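In what follows, a structure is listed as structure tokens, so that the remarks can point back to it.
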Amino acid sequence: MLYTNAEIELLKLCAWCRDLPAGSTFLNKENLRALVAAGQLRISRNGQSVRITESGRHTLDTLGLHFDYDSKSRGMGNYLIRRLNTANLMLFFFGGKTDVFCNSVPDRNSPLSFLPSFALRREKNKNPLGTARFNGMLYTKNTARAVYYITEENDGLYPEAERNTFTMNILTGGRKSAAAFTGDKCLEKIIEYSARKTTNSRALPVLSAVRRLDCPVTFFPLSQAGARQMRIISVRDHRRIIAESILKAKYKPPEKNYYDAAEKILIGIDMDIPRMETAAEYGVHIFLLDWQVNAVKEILRGKRAVLHPLTTETAEEMLRLPSELYVKETKPYITEKGEFLSAPI
24 MLYTNAEIEL LKLCAWCRDL PAGSTFLNKE NLRALVAAGQ LRISRNGQSV
74 RITESGRHTL DTLGLHFDYD SKSRGMGNYL IRRLNTANLM LFFFGGKTDV
124 FCNSVPDRNS PLSFLPSFAL RREKNKNPLG TARFNGMLYT KNTARAVYYI
174 TEENDGLYPE AERNTFTMNI LTGGRKSAAA FTGDKCLEKI IEYSARKTTN
224 SRALPVLSAV RRLDCPVTFF PLSQAGARQM RIISVRDHRR IIAESILKAK
274 YKPPEKNYYD AAEKILIGID MDIPRMETAA EYGVHIFLLD WQVNAVKEIL
324 RGKRAVLHPL TTETAEEMLR LPSELYVKET KPYITEKGEF LSAPI
């Protein structure tokens, strides 16, 4: 058996994260089966995670790819749950060809990149994150987004402490700061979880904290729809382009920063809830992807907002994005010496 590029990338990702969630919908089951059969990966004793084997480590070592490993498997607890949540988020980005192997802030000419918080926390005698609760930073050329994985069991947030951390120049690399919230395949569930906390700490519920972050925010589901949403909002000036496509010759620039065009038009595909709430105080027409409408309807119930659904395909066409989201990788892996890499027999 010859290893494919996709299989080696998955092996690297497992080594990087140390544990991958065995039940993740973003884990390529075909590649997983092949690597388990070859003795490169294994399922943990509790059945919750995928871990690299000694043979898998040796394979990566022979390729000059070296990672730090746990001395032993971790039992199911808060630490492992957070690790698996971060790994699930990385699998989501990994499928969309985001570089998830960053161990430092990428330069602004780098491709779409994700810097996991564990990469910064693993550095000896260095921890710029302090008690911040975001799972990592997602970088485009112009924006650095702190990404939070919100679950039904969450402790809320201290907005000032979070903002003071993710806006530091050592984490933004000179980019504009933003925040993003995810954690479930259903957008309504993420917002439901964000509206409450399950501890008695003085932290605010996430949705209340979001309103005090004083930066652009995004809510997106961990699903193909969410992946398309994130691709749309990663297009520079996507709001203006979509507004111009909708209004055509009637388009005029907005007079207020909570609108995207004259006539009180707002493009809400990013799900920036505080921005939509502000605009709704003065009256607004909000254009959303059709699957986002129900969630926003609940948030803005009774407010001066008219919601207009767009299909994802329509928004993608306006931005000239290809319809294909994921490209399956089947090419065999070739080493730096130009050799194929075979699985041990």
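Heads up: the sequence shown begins at 24 in the numbering used here, then just goes up one per residue.
Idealized CB from N, CA, C, for every residue including glycine.
This one's a predicted model, so the numbers in the text were calculated from it and none came from an experiment.
Rounded distance between the beta-carbons of residue j and residue i, thought under 8 Å
{"i": "Ala203", "j": "Val170", "result": "5 Å"}
{"i": "Ala284", "j": "Lys275", "result": "6 Å"}
{"i": "Thr205", "j": "Gly249", "result": "7 Å"}
{"i": "Lys220", "j": "Asp178", "result": "6 Å"}
{"i": "Ile322", "j": "Ile296", "result": "6 Å"}
{"i": "Thr82", "j": "Arg65", "result": "Wrong, their Cβ atoms sit about 14 Å apart, outside the cutoff."}
DSSP three-state assignment for residue i, whether helix, strand or coil
{"i": "Val307", "result": "strand"}
{"i": "Val329", "result": "strand"}
{"i": "Ser258", "result": "Just to set this straight, residue 258 is Val in the shown sequence, not Ser. Val258 falls in the coil class under three-state DSSP."}
{"i": "Val316", "result": "helix"}
{"i": "Met253", "result": "helix"}
{"i": "Ala218", "result": "coil"}
{"i": "Phe124", "result": "coil"}
{"i": "Ala284", "result": "strand"}
{"i": "Thr27", "result": "strand"}
{"i": "Met160", "result": "strand"}
{"i": "Ile290", "result": "strand"}
{"i": "Ser224", "result": "coil"}
{"i": "Thr301", "result": "helix"}
{"i": "His81", "result": "helix"}
{"i": "Ala266", "result": "helix"}
{"i": "Asn150", "result": "coil"}
{"i": "Asn132", "result": "coil"}
{"i": "Arg144", "result": "helix"}
{"i": "Glu278", "result": "coil"}
{"i": "Cys37", "result": "helix"}
Bounding residues of the alpha helix (DSSP H) (the contiguous stretch that carries residue i)
{"i": "Val233", "result": "229-233"}
{"i": "Gly179", "result": "Unbroken run through Gly179: none, as it is neither H nor E."}
{"i": "Leu58", "result": "52-60"}
{"i": "Ala110", "result": "101-118"}
{"i": "Asn192", "result": "192-195"}
Through-space distance from residue j to residue i, alpha-carbon basis
{"i": "Val233", "j": "Tyr162", "result": "20 Å"}
{"i": "Arg225", "j": "Ser78", "result": "47 Å"}
{"i": "Trp39", "j": "Ala61", "result": "19 Å"}
{"i": "Phe310", "j": "Glu339", "result": "14 Å"}
{"i": "Asn111", "j": "Cys37", "result": "11 Å"}
{"i": "Ser140", "j": "Thr109", "result": "9 Å"}
{"i": "Leu289", "j": "Thr241", "result": "15 Å"}
{"i": "Gln71", "j": "Ala29", "result": "22 Å"}
{"i": "Tyr281", "j": "Gln252", "result": "20 Å"}
{"i": "Leu55", "j": "Leu33", "result": "8 Å"}
{"i": "Ser200", "j": "Phe243", "result": "17 Å"}
Run of the beta strand (DSSP E) containing residue i, from where it starts to where it stops
{"i": "Met341", "result": "Note, Met341: premise wrong, no beta strand (DSSP E); alpha helix (DSSP H) at 335-341."}
{"i": "Ser136", "result": "136-139"}
Beta-bridge partners of residue i, as assigned by DSSP
{"i": "Arg74", "result": "Arg65"}
{"i": "Tyr42", "result": "A small fix is needed here, since residue 42 is Asp in this sequence, not Tyr. Asp42 is not bridged to any residue."}
{"i": "Ala202", "result": "Ala169, Val240"}
heavy atom of the ligand NAP below 7 Å from residue i C-beta
{"i": "Asn150", "result": "Ligands displayed in this structure: none; no statement on the ligand NAP is therefore possible."}
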